[in-house]
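A.B. asks:
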Amino acid sequence: MINKVQSRPLYIQKLEALLRRIPSQHEKRKEMEDELSRRMSGFKGELSLDYYLRLIPDKSIRIFHDIRLLDGEYTFQIDTLLMCTRFFLILEVKNFSGSLLFDRTFKQLVRRINNKEETFPDPITQVKRQQLQLKNWLKIRKLPEIPIETLVVISNPYTYIMPPENPTEVKRLVTHSANLISRLSNLENKHNHDALTEKALARISKTLLKNQIPDNRSVLEKYQITKHELIKGVVCLDCSPFLMKREYGKWICTQCGAASKEAHIDALRDYLLLWGETISNQELREFLGISSASIAARMLSSLQLPYTGSTKDRRYSLAGLLNN
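Laid out in structure tokens, this is it:
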């Protein structure tokens, strides 16, 4: 049973919005594109894992995706967490192509592809750290103890996992997605007695969901981009980065001629992701490039956005525009 479903990560949505709003010749654009590519690859790997998770025979196993919790002063993130009354299982999903070597001497991951070698942080070390953080998180909240297992899952079925010099740890802690069900079965045989009651498991599940930390990192701060560097207006999604102008109740692209009555909604979604969660009538006009306060008011009214303040100082919340 999937208790916390996959959704498009907010940070990815922010990166996508940033790339729509940053000039094509900006010196940091390539760096942003590379980060988005890496994060999208990881997200697609996590999505592909869902196929195998839905094949798990034991429907009492609780499945949580994209867990973010606070451990003291710092947050930690778990790609996927499986929970049952006998044990918990942390899955760290990696969507790599090529050949992978889990170097146990220097605790690093080496990828070989197109006659090149790249090194990455060690996923085994990473998932073990998550194991310790989750144990500590449970302990601080005086929640019952339970065995916590870990597994690094390679989601690309064509990726070759190279045999390391000391294969024992890698064989135990790394697998392809297709082997997940058999690995889970082995753990069920290993932990054949309940460590928790169903009531205790439900309590932990509820506490975990209640303590989720939203990923509100700012992409502008990361790349040291000011809002003045961003492109305002309604961007044509057919031939970005060209802008659209409002004519006769529609948005018309100045380049390709594409027309839309609702293109401003995507623009306001970008505003939410990069500029702020609330907007006034005047700010909307300045952002969309329209002069009429009454047209702006009708746009805001049609979206049925919650608002605070009187007519003159009214601010509308854009939070409901987010995509999952």
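In numbering that gives the first Met the number 0, the protein residues as written are 0 to 323. We treat Cβ as the ideally placed atom computed from N, Cα and C, and that holds for glycine. Predicted model, so just to flag it, every value in this text is computed and none were measured.
Buried or exposed: where does residue 20 fall if 16 or more other Cβ atoms within 10 Å of its Cβ makes it buried?
C.D. replies: In the sequence shown, the residue the question calls residue 20 occupies position 21. Counting Cβ neighbours within 10 Å, residue 20 comes out buried, since at least 16 surround it.
A.B. asks: In or out: residue 185 buried (at least 16 other Cβ within 10 Å) or exposed?
C.D. replies: Within the sequence shown, the letter at position 186 stands for residue 185. That one is exposed.
A.B. asks: What's the gap between the Cα of residue 139 and the Cα of residue 51?
C.D. replies: On the sequence shown, residue 139 is found 140 positions in, with the first residue counted as 1. On the sequence shown, residue 51 is found 52 positions in, with the first residue counted as 1. Computed Cα separation, rounded: 33 Å.
A.B. asks: Closest Cβ-Cβ distance between residue 318 and chain B: below 8 Å?
C.D. replies: This model lacks chain B altogether; it includes just one protein chain.
A.B. asks: Compare the beta carbon distance of residue 106 and residue 124 with 8 Å and say whether it is the shorter of the two.
C.D. replies: The sequence position of residue 106 within the sequence shown is 107, counting from 1. The sequence position of residue 124 within the sequence shown is 125, counting from 1. Yes, they are a contact pair.
A.B. asks: How is residue 192 classed by DSSP in three states: helix, strand or coil?
C.D. replies: The residue given as residue 192 occupies position 193 in the sequence shown. Residue 192 falls in the coil class under three-state DSSP.
A.B. asks: Excluding the 5 residues flanking residue 287 on each side, which residues of the same chain have their C-beta closer than 7 Å to its C-beta?
C.D. replies: Position 288 of the sequence shown, counted from the first residue, corresponds to residue 287. These residues qualify, in order along the chain: 232, 233, 263 and 266.
A.B. asks: Quick check on the burial criterion: 16 or more other C-beta atoms within 10 angstroms. Buried or exposed for residue 157?
C.D. replies: For the purposes of this step, residue 157 is taken as the residue at position 158 of the sequence shown. The residue in question, residue 157, is exposed, as its Cβ has fewer than 16 Cβ neighbours within 10 Å.
A.B. asks: Just how far apart, CA to CA, sit residue 96 and residue 43?
C.D. replies: Working through the sequence shown from its first residue, we reach residue 96 at position 97. Working through the sequence shown from its first residue, we reach residue 43 at position 44. Near 13 Å, if we compare the C-alpha coordinates of residue 43 and residue 96.
A.B. asks: For the alpha helix (DSSP H) containing residue 124, name the first residue and the last one.
C.D. replies: In the sequence shown, counting from the first residue as 1, residue 124 sits at position 125. From DSSP, the alpha helix (DSSP H) with residue 124 extends over 122–139.
A.B. asks: The alpha helix (DSSP H) with residue 47 in it runs from where to where?
C.D. replies: Translated into positions along the sequence shown, residue 47 becomes position 48. Element bounds for residue 47: 28–52.
A.B. asks: Does the contact criterion of 3 or more C-beta pairs under 8 Å hold for the stretch 12–31 versus the stretch 143–158?
C.D. replies: Contact fails: fewer than three Cβ-Cβ distances are below 8 Å.
A.B. asks: Pairing CB atoms from the stretch 74–94 with CB atoms from the stretch 45–59, are three or more of them under 8 Å?
C.D. replies: They touch, by the three-pair rule.
A.B. asks: So who's on the other strand from residue 61, going by DSSP bridges?
C.D. replies: As a position in the sequence shown, residue 61 is number 62, starting the count at 1. In the DSSP output, where bridge partners are listed per residue, residue 61 has 82.
A.B. asks: Kindly indicate the opening and closing residues of the alpha helix (DSSP H) around residue 10.
C.D. replies: Taking the sequence shown and counting its residues from 1, one reaches residue 10 at position 11. Start and end: 9–20.
A.B. asks: Could you tell me the boundaries of the beta strand (DSSP E) in which residue 96 lies?
C.D. replies: Along the sequence shown, one-based indexing puts residue 96 at 97. Segment: none, residue 96 is in no beta strand (DSSP E) and carries neither H nor E.
A.B. asks: Can you tell me which of the three DSSP states residue 70 falls into?
C.D. replies: For this step, residue 70 is matched to residue 71 along the sequence shown. Strand, per DSSP.
A.B. asks: Do the stretch 5–14 and the stretch 203–218 meet, that is, are 3 or more Cβ pairs less than 8 Å apart?
C.D. replies: Touching, yes, given that three or more Cβ pairs across the two stretches are closer than 8 Å.
A.B. asks: Looking only at DSSP bridge pairs, what is residue 175 linked to?
C.D. replies: For the purposes of this step, residue 175 is identified with residue 176 of the sequence shown, where counting begins at 1. The partner list for residue 175 (beta bridge, DSSP) reads 153.
A.B. asks: I'd like to know whether the C-beta atoms of residue 372 and residue 229 end up nearer to each other than 8 Å.
C.D. replies: Since the first residue shown for the chain is 0 and the last is 323, residue 372 is missing from the structure and cannot be characterised.
A.B. asks: Taking 8 Å as the limit between beta carbons, can you name the residues of its chain near residue 212, skipping five residues before and five after?
C.D. replies: Indexing the sequence shown from 1 puts residue 212 at position 213. The residues are 67, 68, 69 and 74.
A.B. asks: Taking 8 Å as the threshold (C-beta atoms), are residue 245 and residue 325 in contact?
C.D. replies: Given that the chain is displayed from residue 0 to residue 323, the structure contains no residue 325 and the question cannot be resolved.
A.B. asks: So for residue 117, helix, strand or coil by DSSP?
C.D. replies: Working through the sequence shown from its first residue, we reach residue 117 at position 118. Strand.
A.B. asks: Can you tell me where the beta strand (DSSP E) with residue 111 in it begins and where it stops?
C.D. replies: Locating residue 111 in the sequence shown gives position 112, where the first residue counts as 1. Taken as a continuous stretch (DSSP letters only), the beta strand (DSSP E) holding residue 111 covers 107–112.
A.B. asks: Measure the alpha-carbon distance for residue 319 versus residue 251 and round it to whole angstroms.
C.D. replies: Residue 319 sits at position 320 when you count from the first residue of the sequence shown. Residue 251 sits at position 252 when you count from the first residue of the sequence shown. Cα to Cα, residue 319 sits roughly 25 Å from residue 251.
A.B. asks: Residue 32 to residue 102, Cα distance in whole Å?
C.D. replies: Residue 32 sits at position 33 when you count from the first residue of the sequence shown. Residue 102 sits at position 103 when you count from the first residue of the sequence shown. One C-alpha to the other measures close to 29 Å.
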